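First comes the structure, then the notes that go with it.
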Amino acid sequence: MWGMTYRRYEGSPAPDRIRRLTFVPFLPDGRCAAVPDPAGGPVLPSGDVRPGEHWLLDTSLRVPLATAGFRRQRVHVFAADRDHVYAWLDGDRYTGRRQHARVELVTGEPAELAERLAAAGRPDQAQAVRDAERSFSGQSDQDYYTDNVRLLEPAYLRGDTVQEGSGFGGDPARWRARRGMIVDGIDRGGSFLDLGCANGLLLESVRQWAAERGYAIEPYGVDLAPGLVELARSRLPHWADRIEVGNAVDYRPAGGQRFTFVHAMLDTVPARQRAELVRHALAELVAPGGRLLVSHYQGDGGTDRTAPEHLTALGFPVAGSSHARDNPRTATTAWINAP
606 MWGMTYRRYE
616 GSPAPDRIRR
626 LTFVPFLPDG
636 RCAAVPDPAG
646 GPVLPSGDVR
656 PGEHWLLDTS
666 LRVPLATAGF
676 RRQRVHVFAA
686 DRDHVYAWLD
696 GDRYTGRRQH
706 ARVELVTGEP
716 AELAERLAAA
726 GRPDQAQAVR
736 DAERSFSGQS
746 DQDYYTDNVR
756 LLEPAYLRGD
766 TVQEGSGFGG
776 DPARWRARRG
786 MIVDGIDRGG
796 SFLDLGCANG
806 LLLESVRQWA
816 AERGYAIEPY
826 GVDLAPGLVE
836 LARSRLPHWA
846 DRIEVGNAVD
856 YRPAGGQRFT
866 FVHAMLDTVP
876 ARQRAELVRH
886 ALAELVAPGG
896 RLLVSHYQGD
906 GGTDRTAPEH
916 LTALGFPVAG
926 SSHARDNPRT
936 ATTAWINAP
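Heads up: the sequence shown runs through residues 606 to 944, numbered per the numbering used here.
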């Protein structure tokens, strides 16, 4: 790979060989994004890997924010040219507290954006958009999960705070402001299963917040990343036997246990599996008369649907919903009552 010119490549390149990155950002509606170039026409976000940075954990976050005001959720390499790597990003616009550019993105369907790049004298970037679209639209479910674990597990494990270990960059007050809406869907005591529990902070938080309302909750957790499950068990040894490695879309607890409340996040599975996730949770995990809580998170300035909007679009009856206290669209939870 490293001695050749631009070629399609999908894999996990060695971090010490990467010097530069070019990104093809995809918005929630499937359109691609570029930034306006003062010299004329659009240009893809690009930047060098700085000394001490890890290209995946650091550069892939910094460069899109700094050049395009774009916050990535997933990163996938699809091509390389010697030490220059091309990756598509799954994410959205961002206007939050992190340092970011304030630019009007140039957006369009992939074919349209490729044509505009070619017309601007950037045939290499036009080809990159075409290759990115092919990779993005054709990604397998297994590759989706591999990408998630490859990015999120090391990012969470190196977090300096317990909130960062659960994928959240704010302090305890902001954590509660943007996760506290989950307990609005808890209307009694019982068991609580978190699908995608990371380091277990949400298990602790829901138990505490529900207790403040007079409800006793017994927490359980599942996560796809073995390292995060190990961390959660070490943090919460009294619940270690309740925290397991598993995939939200097909997890089945030993003995067929059911739970009063099951919490799931939409982005733990590919978009095409979201309806399957909801059906599986209702059929296999939620106890009769229980409740499925579905959350969806996005950064400040994000343009994606909320949790109730997603569930309604998928054809599920929404019994109720709630949202973040400080910025309603950044974090939303909707619930479905099981018969």
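Every residue, glycine too, gets a C-beta built ideally from N, C-alpha and C. From a predicted model like this one, the values you see are computed outputs, not experimental measurements.
Starting from the C-beta of P893, find all residues in its chain whose C-beta is less than 8 angstroms away, skip the five residues before and the five after it, and write them out in chain order. R863, A943, P944
Neighbourhood of G646 by C-beta distance below 8 angstroms, restricted to the same chain and skipping five residues each side: R721, L722, A724, A725, G726, R727
Tell me where the beta strand (DSSP E) around V629 begins and ends. 625–631
Work out the CA separation of Q730 and M786 for me, nearest whole Å. 42 angstroms
Return helix, strand or coil for H843, following the three-state DSSP convention. helix
Local Cβ density within 10 Å of P715, reported as buried at 16 or more and exposed below that: buried
Does A673 come within less than 8 angstroms of chain B when only Cβ atoms are used? In the structure shown, chain B does not exist; there is a single protein chain.
Starting from H915 and walking both ways along the alpha helix (DSSP H), at which residues does that stretch end? 912–919
Only counting the same chain, and skipping five residues up and downstream in sequence, which positions put a Cβ closer than 7 angstroms to that of L756? L661, R679, V680
Alpha carbons only, please: which of L890, L887, V708, T873 is nearest the one belonging to D752? T873
Reducing DSSP to helix, strand and coil, say where G701 ends up. coil
Given 8 angstroms as the limit, is there contact between the region 816–823 and the region 909–927, that is, 3 or more CB pairs closer than that? no
D663 by DSSP, collapsed to three states: which one? helix
Using only CA atoms, which one of E615, T908, L887 lies nearest to F741? E615
As assigned by DSSP and simplified to three states, the class of D686: strand
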